[in-house]
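The numbering used here puts the first residue of the sequence shown at 560, with every later residue one more than the last. All residues carry an ideal CB built from backbone N, CA and C; glycine is no exception. Computed from a prediction, not measured in an experiment: that's the story for all the values here. Heads up, the thing below is written out as structure tokens.
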Amino acid sequence: MLKQQIIEALNAVREQKPLVVNITNYVVMNNTANALLALGASPIMAHSQQEMAEMMTYAGALVINIGTLDSQWTPRMLYAVQQANKNNKVVVLDPVGCGASRLRTETSREIARSAQKLIIRGNASEIIALAGEQAQSKGVDALDSSETALDAAQFLVQEYQAHVVISGETDYVVSPEQVIKLSNGNAMMPCVTGMGCTLSALTGAFAAVGDHTGLAAVAILGVVGEIAVEQSKGPGSLQMNLLDVLYQLDNETVLNRLNIE
């Protein structure tokens, strides 16, 4: 049943080509835009408050990524969340480096409190820090395992009425109803900058067509990354191959490769 839901979501993105508004960091704009295009969605990197109210009337979802946060970005992010709420759109929050500084932690919590329909996607250390627990991190990199963040994710589900995705060597999708474990991907994937940011962007595309859990994005990127690594000599070719595999991915491959429980 879960695999069929994921395939239906993939087909829906390719048919509907939803517009995904991204307020994201300078490091990954190109990566995430290309991944959304390869998936079949339509990306826009919009940061101006002057157009955000209009943009969110017809966009499918809003992705907020705090990777290059500063005092100018925060008001733009919060205003965009207000407009997403006004138009009943899902907000995907990527709390990059949450726990590495007070600014990142407090801003992440403020965004989470503001969003009415929320998916949180982070690594284990970010999820733990967002929940207010002590996390082990090195800048934006997680030193905690995904399993150690499950209690924190459950707290965030209740605190913000959110769905939570913990990404790492093993991925977890945590919702009020269930916890889903996914075991695809490969250890080379974190060697490409912004892989988690790419997952957050794809989560926005799937949210735009009705998957408000984050499951489809985790499943698809895990399968795609696993296949792309098999075709790659290192991180440079992985980045290229990942886009190609994502573009060419078919339903049968998802069914055969997805490791989910």
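Original post:
Buried or exposed: Q807, going by 16 or more other Cβ atoms within 10 Å of its Cβ?
Top reply: exposed
Subject >> Exposure label - K648; buried when at least 16 CB within 10 Å >> reply: That one is buried.
**OP:** Flag this pair as yes or no: are the beta carbons of I663 and L628 separated by less than 8 Å?
**Re:** A small correction: the amino acid at residue 663 is Arg; Ile does not occupy that position in the sequence shown. For R663 and L628, yes; Cβs fall inside 8 Å.
**OP:** Look at the alpha carbon of C657 and the alpha carbon of A688, and state the distance between them as a whole number of angstroms.
**Re:** 6 Å
Subject >> Selected residue, minimal CA-CA separation from S759, among N584, I565, E820, N570 >> reply: N584
Subject >> Distance between beta carbons of L741 and A787, contact taken as under 8 Å >> reply: No, A787 and L741 are not in contact; Cβ-Cβ is about 16 Å, not under 8 Å.
**OP:** Starting from the Cα of E811, find the closest Cα among M560, I566, L561 and give me that residue.
**Re:** I566
**OP:** Leaving aside the five residues before and after A766 along the sequence, list all residues of the same chain whose C-beta is less than 7 Å from its C-beta, in chain order.
**Re:** Cβ neighbours of A766 beyond the five flanking positions: A620, V649, V651, I678.
Original post:
Given a threshold of 16 other Cβ atoms within 10 Å of its Cβ, counted over all protein chains shown, does I625 qualify as buried or as exposed?
Top reply: buried
**OP:** Quick one: grab the DSSP three-state call for S791.
**Re:** Looking at S791 - three-state DSSP - the assignment turns out to be coil, as it is neither helix nor strand.
**OP:** Could you name each continuous beta strand (DSSP E) segment of 3 residues or more that falls completely within the region 737-786, going from the start of the chain to the end?
**Re:** 738-741
Original post:
Looking at the structure shown, is A721 part of a helix, part of a strand, or coil, going by DSSP?
Top reply: strand
Original post:
What runs of the alpha helix (DSSP H), each 4 residues or longer, lie entirely inside the region 625-677?
Top reply: 632-645, 661-673
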